[in-house]
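Scroll down for the structure; my scribbles are underneath it.
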Amino acid sequence: MDRTLIQTLTPLDFGVFISIMVLTWGVVFFGGLNQKITSLVDYMLMGRRLSLPFFVATLVATWYGGIFGVTQIAFESGVYNFLIQGVFWYITYIIFAIFIVKRLVDQPYKTLPELIGKTVGPKSGVVASWFNLANVMPISYIISIGLFIKVLFGIAMLPSMILGTSFVLLYSSVSGFKAIVLSDTIQFVVMVASVVLVLVYSIFSYGGLSFLSANLPETHFHLLGTETLSTTLIWGFIALSTLVDPNFYQRCFAAQDRSTAKKGIYISVGIWILFDICTTGGGLYARAVLPEASSSQAYLQYALQLLPNGLRGFFLAGIVATILSTIDSYLFIASNTVSYDLFPKVLKQKPILWHRISLVLVSIFSIAIAGVFEGNIKAVWKTFGSLSAGCLLFPVLVTYIFPRRITDMQFLCSVLAGTLAIFFHRLVHPILNTDDFYSGLLFTSVTMGLWSLGRLCISTPKIQTPLSPEEES
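433 is the number of the first residue of the sequence shown in the numbering used here; add one for each residue after it.
Structure representation (structure tokens):
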């Protein structure tokens, strides 16, 4: 099948694909090299000068690197994908814009762990750094680029992942966050246009809902698909992990003002809705036309079969743009976490060099973990999403609601309690028959609540009962 896919491409397709890749590299290198990096703020946050168009482009582009995971869910479960990978997330984005943006913009912080460390305590900052690192390692997106190269060129999975990640390293270390923003801007345009093309061509080639309803299982049009409400709600809680997602925080820290960040998120939500409609629709058409195809590769195979010469090359560039724009952002933030949050003393000596070394180290580690998951993007999302949402989300939200009221040890113990609960749950999963996310959330919130209750009891002075006249005498 790999040879079949590559053989469907014409010289025109290759020309379009290579032209877009060269354009991306050219803009990144020439635009990045013109920037003078005089401080860590310049390197990590583009000097906090991120304007609205660039804010929207880099935020939208960062969020869809797991396109094969999304289209796989749509292929297997239908519109259920739009609920768990769309609606739940839109709600969270709006919550972030309304309640959290105002706490971030115009603040001196550079990372989420630094924010937690300064507002709660140093121990909390360290534990947040490790969770931050686990949350932003681009494991699922490295799997995506590996699948793309493997399916298209017939290369084995491991060298495919190494090749794709190496391409990102070449440009993401040039001029820091500015290189990420410049590449994301081009990739944003190409990725959105490519998924729109697939849906439009599908409708004109096969028809609309009548064609889909005649060629898909009835459950593909049920909101919950074949899943239970309990399983579905887990994805809703995972979506809430956006409230502690380092990508959102970095963009807000880099925004030129509060209005830019808030408007940027609202505009991005509109574009994400369009993107999700197209990817869900594309996955449905792939299932209807190629029902026997591998679910993880069906969307790519279907689109290359559907589109005419030239547009196939544009589509491939859009898929690559979707994946790379997420890998570069996640790698960059993970390297920020290693070099700035976890090992700040080393950073002070040669900050840019150490950050670039961190890029390589995080890449190697992410590729190694990707191999453990054997290409299962959905499993990666659920594993690390449950860990982040189940253990870190609640303590962070409590610190927002009750600023300066949560102690360093209280935060630390709550997060660790949730982590231990999740790992214990996995050992006895056949007995409990529930998702480990709920165990993490339960133990995190209970520990936080009991600690607060204990502090309240200790700090409350004892009420003295008045003495009776007889006792007084």
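The beta carbon of each residue, even a glycine, is placed where N, CA and C say it ideally should be.
Look at the Cβ atom of residue i, then the Cβ atom of residue j, and state whether they are nearer than 8 angstroms.
i	j	result
Ile499	Ala749	no
Pro678	Val552	no
Val770	Leu793	yes
Ala506	Thr711	yes
Trp704	Tyr522	yes
Ala757	Gln504	According to the sequence shown, residue 757 is Ser rather than Ala. No. Outside cutoff.
Tyr638	Val721	yes
Ser634	Ile751	no
Thr815	Ala849	no
Leu844	Ala686	no
Val622	Ala753	yes
Gly510	Leu706	no
Ala611	Val460	yes
Phe449	Gly745	yes
Ile574	Ile796	no
Phe486	Val613	yes
Asn741	Leu444	yes
Gly501	Ser598	no
Looking only at its own chain, which residues have a Cβ that is under 8 angstroms from the Cβ of residue i, when we skip the five neighbours before and after it?
i	result
Thr851	Leu819, Cys823, Gly872
Arg535	Tyr832
Lys894	Note on Lys894: pLDDT 44, under 50, position unreliable in the model; the coordinate value appears next. Once the five neighbours on either side are set aside, Lys894 has no close Cβ partner at all.
Leu774	Val558, Ser561, Trp562, Leu565
Leu455	Ile618
To the nearest whole angstrom, what separates the beta carbons of residue i and residue j, a pair I think is in contact under 8 angstroms?
i	j	result
Leu655	Tyr512	7 angstroms
Gln688	Arg480	7 angstroms
Leu732	Val583	6 angstroms
Ser798	Pro570	6 angstroms
Phe643	Met478	With 8 angstroms as the limit, Phe643 and Met478 do not qualify as a contact, their Cβ atoms being about 46 angstroms apart.
Ala529	Ile697	4 angstroms
Ile838	Val830	6 angstroms
Thr440	Asp616	Contact flag wrong, Cβ pair sits at about 29 angstroms.
Leu590	Gly803	7 angstroms
Leu648	Arg719	6 angstroms
Ala853	Phe869	Their Cβ separation, rounded to whole angstroms, is 10 angstroms, which puts Ala853 and Phe869 out of contact at 8 angstroms.
Asn768	Thr543	6 angstroms
I need the DSSP call for residue i, collapsed to helix, strand or coil.
i	result
Ala588	coil
Leu482	strand
Ala725	coil
Met433	Since pLDDT at Met433 reaches only 41, below the 50 mark, its modelled position is unreliable, and the value read off the structure follows with that caveat. Of the three classes helix, strand and coil, the one that applies to Met433 here is coil, per DSSP.
Pro893	Annotation note: pLDDT 48 at Pro893 (below 50); position unreliable, coordinate value reported separately. Coil at Pro893, not helix or strand.
Near residue i, which residues of its chain fall below 7 angstroms by C-beta distance, leaving aside the five closest residues on each side in sequence?
i	result
Leu672	Thr524, Ala821, Leu825
Cys684	Val533, Leu536, Val537, Ala693
Trp457	Tyr603
Leu743	Leu629
Val492	Phe620, Ser700, Ile703, Trp704
Leu665	none
Ser556	Ile548, Gly549, Asp840, Phe843, Leu844
Phe520	Trp667, Gly668, Ala671
Phe514	Asp708, Thr712
Leu631	Cys710, Gly713, Gly714
Ser605	Arg788, Leu791
Ala811	Phe805
Thr674	Trp521, Thr524, Tyr525, Phe528, Phe680
What does a CB cutoff of less than 6 angstroms around residue i pick up in its chain, not counting 5 residues either side in sequence?
i	result
Ala560	Pro545, Ile548
Ile577	Gly596, Ile755
Thr658	Thr651
Val676	Leu824, Leu825, Val828
Gly518	Asp708
Trp883	Gln842
Ala646	none
Ser592	Gly578, Ile581, Lys582
Is it the case that the CB of residue i approaches a heavy atom of the ligand PLP more closely than 7 angstroms?
i	result
Gly742	Judged by which ligands are present, the structure shown has none, so any question about the ligand PLP falls away.
Can you find a CB in chain B that lies within less than 8 angstroms of the CB of residue i?
i	result
Arg836	The displayed structure is made up of one protein chain only, and chain B is not part of it.
For the region 552-632, list the beta strand (DSSP E) runs that are entirely contained and at least 3 residues long, ordered along the chain. none
Any alpha helix (DSSP H) of 4 or more consecutive residues that is wholly inside the region 501-535: 520-527
Ignoring anything shorter than 4 residues or poking outside the region 818-843, list the alpha helix (DSSP H) runs there in chain order. 826-833
Unbroken stretches of the alpha helix (DSSP H), 4 residues or longer, contained in the region 703-751: 730-738
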